[in-house]
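Engineer: Residues 11 to 274 in the working numbering are what the sequence shown spells out, letter by letter. Can you read through this structure? Questions will come right after.
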Amino acid sequence: MVTVTQHEIDSFQTDGVAIIRGLFADHLETLRAGVARNMAEPGPYASENKKSGETGRFFDDYCNWQRIPEFQDVITQSDAATVAAQLMQSQTVQMFHDHVLVKEPGTSMATPWHTDGPYYFVEGTQTLSFWSPLDPVKDATLRLVAGSHRWEKPVLPTRWVSEESFFPNEDDYMPIPDPEAEGMRILEWEMEPGDAVAFNYHILHGARGNQATARRRAFSLRLLGDDARYVTRPGPTSPPFPGHDMSEGQKLREDWFPMLLPRA
């Protein structure tokens with residue numbers, strides 16, 4: 011069992027971010043096999059993120075846990091849900107989706123500063139993403155702005171390559187800040203395989219390119235707590251989940267987004 015400390019709970023509640031060492035350490039080979047399967051058999055949302063003039067390969071894909079048994083095994087058998095419940099201070103933990111991000115050696119493209127929440131059709135104070143590297147990371151680690159989940163307005167969602175606004179209602183969002191230029195408190199850690207950063211969906215985060223000689227594979231897991239509810243957006247969301255047939259304020263349907271806690 012992975013033990014969660016009061017300091018980690020306080021960090022998540024205050025900063026919106028906590029690091030949990032070794033969360034997936036016992037599941038590394040399973041996750042690596044799942045990523046290999048995912049890259050060999052990409053899903054419908056797979057993409058190759060590359061701007062003109064960029065080098066290397068930045069692969070990402072999501073919503074594959076139901077067709078990739080390795081991911082399903084880790085989601086249901088690891089301590090992730092139990093840890094998430096403690097960090098979110100939630101009685102329940104509901105599955106949202108998985109996300110794989112792979113930066114091959116020499117990949118120059120950075121993961122741009124963004125928040126996940128505005129892309130999703132869910133809102134609530136009890137939301138949590140785990141980001142876990144499957145390789146040692148230094149410069150290509152995740153970078154997060156402490157406390158940004160408490161900002162008054164959400165950050166403008168954009169398309170990573172074209173940099174266009176994701177939705178037409180740009181005035182409802184704040185422009186994407188430059189955290190370094192504006193002197194914001196950026197949290198980042200050198201991480202070992204299986205460590206995990208936990209963060210709220212509205213935390214501003216990004217990552218540098220991978221200039222190392224080894225690839226950087228990362229597995230993300232997106233989870234929901236007690237107060238998370240469906241919300242309509244002014245266009246298709248990412249992930250879109252077409253045909254979901256949910257309405258404003260509804261708890262996400264459990265046949266598509268199963269409860270991980272309490273366990274069945």
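All C-beta atoms in this analysis are idealised placements derived from N, C-alpha and C, irrespective of residue type, glycine included.
(1) Spell out the partners DSSP gives L111 in its beta bridges.
(2) Per DSSP, what kind of secondary structure is Q81 in: helix, strand or coil?
(3) Would you tell me roughly how many angstroms separate the C-alpha atoms of G253 and V241, rounded to the nearest one?
(4) Check the DSSP bridge columns for E133 and list the partner residues they point to.
(5) Closest to S158 by CA distance: which of D149, H124 and P146 is it?
(6) Excluding the 5 residues flanking A224 on each side, which residues of the same chain have their C-beta closer than 7 Å to its C-beta?
(7) Are G245 and F177 close, meaning C-beta to C-beta below 7 Å?
(8) Starting from the N-terminal side, write out each stretch of the alpha helix (DSSP H) that is 4 residues or longer and does not extend beyond the region 38 to 67.
(9) Locate the beta strand (DSSP E) running through F22, then write down its first and last residues.
(10) Please name the residue or residues paired with R153 in a DSSP beta bridge.
(11) Three-state secondary structure (DSSP) at V12?
Structural biologist: Per the coordinate set shown:
(1) Translated into the one-based positions of the sequence shown, residue 111 becomes position 101. Answer is D70 and A228, bridged to L111.
(2) By one-based count along the sequence shown, residue 81 stands at place 71. Reading the sequence as shown, one finds Phe at residue 81 and not Gln. In the structure shown, F81 sits in a helix (DSSP, three-state: H, G or I).
(3) Translated into the one-based positions of the sequence shown, residue 253 becomes position 243. Translated into the one-based positions of the sequence shown, residue 241 becomes position 231. Rounded to whole angstroms, G253 to V241 spans 15 Å at the Cα level.
(4) For the purposes of this step, residue 133 is taken as the residue at position 123 of the sequence shown. Partner residues in the beta bridge of E133, as assigned by DSSP, are R239.
(5) The residue labelled residue 158 in the question sits at position 148 within the sequence shown. Closest option to S158, Cα to Cα, is H124.
(6) Here residue 224 corresponds to residue number 214 of the sequence shown, with the count starting at 1. For A224, where only same-chain residues beyond five positions count, the Cβ hits under 7 Å are P115 and D145.
(7) Counting from 1 along the sequence shown, the entry for residue 245 is found at position 235. Counting from 1 along the sequence shown, the entry for residue 177 is found at position 167. Yes, they are a contact pair.
(8) Runs of the alpha helix (DSSP H) lying entirely within the region 38 to 67 and spanning at least 4 residues, in chain order: 38 to 50.
(9) Taking the first residue of the sequence shown as position 1, residue 22 is located at position 12. In the DSSP annotation of this structure, F22 is not part of any beta strand (DSSP E); the continuous alpha helix (DSSP H) holding it starts and ends at Q16 to D25.
(10) On the sequence shown, position 143 is the one that residue 153 refers to. Under DSSP, the beta-bridge partners assigned to R153 are E198 and G216.
(11) Looking up residue 12 in the sequence shown gives position 2. Reduced to three states, the DSSP call for V12 is coil.
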